[in-house]
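K.L.:
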Amino acid sequence: MRILKIQTLRGPNYWSIRRHKLIVMRLDLENLAETPSNQIPGFYEGLVEALPSLEGHYCSPGCRGGFLMRVREGTMMGHIVEHVALELQELAGMHVGFGRTRETATPGVYQVVIEYLNEEAGRYAGRAAVRLCQSIVDRGRYPKAELEQDIQDLKDFWRDASLGPSTEAIVKEAEKRGIPWMPLAARFLIQLGYGVNQKRMQATMTDSTGILGVELACDKEATKRILATNGVPVPRGTVINFLDDLEEAIEYVGGYPIVIKPLDGNHGRGITIDIRNWDDAEAAYQAARQVSRSIIVERYYVGRDHRVLVVDGKVVAVAERVPAHVVGNGRSTIAELIEETNQDPNRGEGHDNVLTKIELDRTSYQLLERQGYTVNSVPPKGQICYLRATANLSTGGIAVDRTDEIHPENVWLAQRVVKIIGLDIAGLDVVTTDISRPLREMDGVIVEVNAAPGFRMHVAPSQGTPRNVAGAVMDMLFPNEKPSRVPILTITGTNGKTTTTRLLAHIYKQTGKVVGYTTTDGTYIGDFLVEAGDNTGPQSAHVILQDPTVEVAVLESARGGILRSGLGFDAANVGVVLNVAADHLGIGDIDTIEQLANLKSVVAEAVFPDGYAVLNADDHRVAAMAEKTKANIAYFTMNPDSELVRKHIQKGGVAAVYENGYLSIVKGDWTHRIERAENIPLTMGGKAPFMIANALAASLAAFVQNVSIEQIRAGLRTFRASVSQTPGRMNLFNLGKYHALVDYAHNPASYEAVGSFVRNWTSGQRIGVVGGPGDRRDEDFVTLGKLAADIFDYIIVKEDDDTRGRSRGSAADLIIRGINQAKPNCRYESILDETQAINKGLDMAPDGSLVVILPESVSRAIRLIKVRGVQEEIQPQS
Ligand code: ATP
Ligand code: ATP
Ligand code: MG
Ligand code: MG
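Going by our numbering, the sequence shown opens with residue 29, and the numbers climb by one from there.
#1: Quick one: what's residue 335 bridged to in DSSP?
#2: With distances taken from CA atoms, which of 689, 712, 668 and 698 is nearest residue 704?
#3: Which whole-angstrom value describes the C-beta separation of residue 694 and residue 662, a residue pair presumed to lie in contact below a C-beta threshold of 8 Å?
#4: Comparing the CB of residue 231 with every heavy atom of ligand 1, is any distance shorter than 8 Å?
#5: Along the chain, where does the alpha helix (DSSP H) containing residue 309 start, and where does it finish?
#6: Roughly how many whole angstroms lie between the Cα atoms of residue 383 and residue 375?
#7: In this structure, how does DSSP classify residue 698 when only helix, strand and coil are distinguished?
#8: Give the range of the beta strand (DSSP E) segment to which residue 664 is assigned.
#9: Strictly closer than 7 Å from CB to any heavy atom of ligand 4: give me those residues in the order they appear in the chain.
#10: Just mark residue 204 as buried or exposed, buried being the case when its beta carbon has 16 or more other beta carbons within 10 Å.
#11: Taking DSSP as the reference, what is the three-state secondary structure of residue 260?
#12: For a minimum of 3 consecutive residues, which ranges assigned as the beta strand (DSSP E) are wholly contained in the segment 812-886?
#13: For residue 394, which of helix, strand or coil comes out of DSSP?
#14: Any idea what DSSP makes of residue 638, helix, strand or coil?
#15: Is the segment 335-350 touching the segment 410-426, taking contact as three or more C-beta pairs under 8 Å?
#16: Based on Cα-Cα distance, which residue from 832, 819 and 874 lies nearest to residue 851?
#17: Whole angstroms are fine: how far does the CA of residue 634 sit from the CA of residue 658?
#18: Determine the contact status of residue 724 and residue 685, defining contact as a CB-CB distance below 9 Å.
#19: Could you check if residue 134 is buried or exposed, using at least 16 other CB atoms within 10 Å of its CB as the buried criterion?
#20: Can you give me the start and stop residues for the beta strand (DSSP E) that residue 520 sits inside?
#21: Beta carbon of residue 778: closer than 8 Å to some heavy atom of ligand 2?
#22: Under DSSP, the beta strand (DSSP E) around residue 683 begins and ends at which residues?
#23: When the Cα atoms are used, what is the spatial distance from residue 560 to residue 741?
#24: Please say whether residue 673 and residue 632 have beta carbons closer to each other than 9 Å?
#25: Compare the Cα-Cα distances from residue 897 to each of 762, 144 and 786 and report the closest residue.
#26: Looking at the strands, I want to know which residues DSSP matches up with residue 767.
#27: Helix, strand or coil, according to DSSP, for residue 589 in the structure here?
#28: Note down the Cα distance separating residue 188 from residue 215, rounded to an integer number of angstroms.
#29: By a C-beta neighbour count over all protein chains shown, 10 Å radius and 16 as the cutoff for buried, is residue 648 buried or exposed?
#30: Can you name the start and end residues of the beta strand (DSSP E) that residue 421 belongs to?
#31: Can you tell me which of 338, 333, 783 and 288 puts its alpha carbon nearest to the alpha carbon of residue 321?
#32: In the structure shown, what three-state DSSP assignment does residue 230 receive?
#33: With a Cβ-Cβ cutoff of 9 Å, do residue 821 and residue 787 count as a contact?
#34: Would you say residue 606 touches ligand 2, meaning its beta carbon is less than 8 Å from a heavy atom?
#35: Give the DSSP bridge partners of residue 550, in chain order.
#36: Taking the alpha-carbon of residue 141 as reference, which of 739, 44 and 235 has the nearest alpha-carbon?
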């Protein structure tokens, strides 16, 4: 077996609209191409031995053991690789269930599709599955050690990619609310929502968290001073920079017991509490010095440690934090009890799990000594032995929810404190013996205010009710009905995508909104080019959706991007499908026009149920997509008598129709005429029917988004596709006695489109200079020849400079065969060199004629025309 290609899909795609995260592996079975699993001796036994848990895969039989049954009875290796890849991820703790396997048009070559949670893990699982199956084929087994290594590697990928418990809670809540999110290029920055409606977060700080508030909170001493001047109870203390000042400081805070901590520390690092003598104080000073230059000396307040979380001015959760400890059982030593406690699967390293493993440090031994123990003591049953002085979860502490117990006065105080410091999200560290009584009564204090407080103690407390604190954050960022998204309108089809995208963006601009759009020419925001190039994939979509000024996104979706990585968003508000015609067949395992229609249909299907699929009623493959989408349907048609559209309108639907020379919206009993085609420059005075169709599609897409008829009209009248704006798209030049047209048509459907214009434009002689890209199929060239014979009076057949692997002259021969088949007496000649061919066409043009050039290089063709003294570039006037 050999892996030919691995692709990673990240959005709605050809295989599934709902499952966005898929790996597509192109797999050549080689010598196994004709050998089902039952014909490989020992394969079934070897597979069951390596992965007994495959028993849980139902597969087509629909019952436990169903898949293994198929292996025993005989199934192809691609299918087995799919199940193994899924199972490997499952064993590493990633729950994935979706898989598909299809043979391609090349016998023995399969597409194996598997779901993933983590991209790297998914690709790894695909490769590992091939390795595992190959090993069982060759040797009857897969070594246990290798399997264990695979699973460990997969687990590592999964762990390394984890976002951290707070961010995890936030994005989960966002997903629950249908708010899109994406990681940004800088580490830990997360974008919630799109465009102008986006918010950003980094851990639990938002883009509205004030820098002054954060800096104040990070300076514990300044925080205390500000709070003290406002009458808030805070620990009595002072800051020193030299050991010499320690003695005086201790006196100032009122003698022992004291606390020593670094001025700007966190996670409990360098802190010693409950210090009762000079030796300990000196050691504590040195420990704090490791973390910070300046040292806080404070009175020690007896009490329990609480975290009060305030979001958007309200207390949303309270947790008591209990320092790391073990409880005696009368048999085990403290060391054994720690060992046992750390076995808890909820305890991980650092912040990556609900709890953290207990580790002993310098203070732990002091603390044990004070309680009369060593690590080898056996404490009596039920006795609590503290192992850490501070209660930070990251040093092995646990959390107990106390949200329902906090006293109203403490709530008021906490909320006031956070206002004073100036934070939208803050965690207060409160030391008091009883949080259900007012602080003042208990001699409790507010020790610290944390900007970016962790959420894990609230969303997953060890005891008590979990609190949806991420929900409170979402309520703050996206209050009641405030949109998080911007409208996304996406356009696909075989021909006319760029034109329609540009036109729709132009129409939308009439509303005064900032429109971001992507096309095969580049990415634009408003009137400006962000980046030139073929930008129709998901990355370009992200440029638009991440831009903080964009109010509307209009995105050209080309087949390549959908095939390679899926759409760059979960669903659109409007999905436009212009047409489906034979082009690029045989590339990327899309071999038939039906498969091509299925691919384009992704754009119609990935639309919100309250959005619209805008479909071409005149193209039966496009019209049929109505069956597949859950969205509303809107049709456009060039045929005012279309039966399909008539029925659709009768049922209350909306449509755009070309009728009596007008582009009109039809809805209910009314026909709203937008504009005469003649007055729309893009339609070349109404003579280019395919441009009228494109304009109908764009108008309809705007209309279903509540753009007014007046604004649509203004957009249609003012959109000019000049040579500089859209080179190679129906660029028409007046050369005095004759005209020349340059167009980049390169498939049968677009040839026909150009033909429909040519017939409407002139009654004079029609000369065609034609050819096509060499990587198309033979039959496509023959079709081109037939179509050309139908359109032109005289044909000059040329070839591209780049024959894309074809032998010189073979494309021309095929075109000529087509010409002869369609019209045996058609006049033509063959000039393979494009420059010579164009010049010949222009030289021979009689008065009143039209020379149509379908070049490989648009810029060269335009240059050759312009040197002949162009009188004007035609843009039929409104
Ligand atoms: P974190 O960032 O996890 O909140 P930190 O390193 O910022 O920790 P503090 O919050 O200042 O440190 O202190 C850690 C813990 O030590 C407090 O939550 C509290 O339990 C205890 N503590 C600190 N100062 C005092 C004090 N003056 N009296 C009693 N306990 C204290
Ligand atoms: P590409 O796949 O190269 O990005 P596209 O779909 O973006 O192409 P456009 O750039 O808008 O298409 O138009 C390219 C050519 O296709 C036009 O110059 C014209 O010849 C033809 N064309 C445009 N619209 C249609 C249509 N609705 N039907 C058939 N042909 C069309
Ligand atoms: Mg703290
Ligand atoms: Mg395009």
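We treat Cβ as the ideally placed atom computed from N, Cα and C, and that holds for glycine.
Model, not experiment: these values are computed from the prediction.
P.N.:
Let me spell this out:
#1: 347 and 457
#2: 689
#3: That belief does not hold up - the Cβ atoms of residue 694 and residue 662 are roughly 10 Å apart, past 8 Å.
#4: no
#5: 306-317
#6: 4 Å
#7: strand
#8: 660-665
#9: 525, 526, 547, 548, 564, 584 and 586
#10: exposed
#11: coil
#12: 822-825, 855-858 and 878-881
#13: helix
#14: strand
#15: yes
#16: 819
#17: 9 Å
#18: yes
#19: exposed
#20: 516-520
#21: yes
#22: 682-687
#23: 29 Å
#24: no
#25: 762
#26: 762 and 878
#27: helix
#28: 13 Å
#29: exposed
#30: Neither: residue 421 is in no beta strand (DSSP E) and is coded neither H nor E.
#31: 288
#32: strand
#33: no
#34: yes
#35: 560
#36: 44
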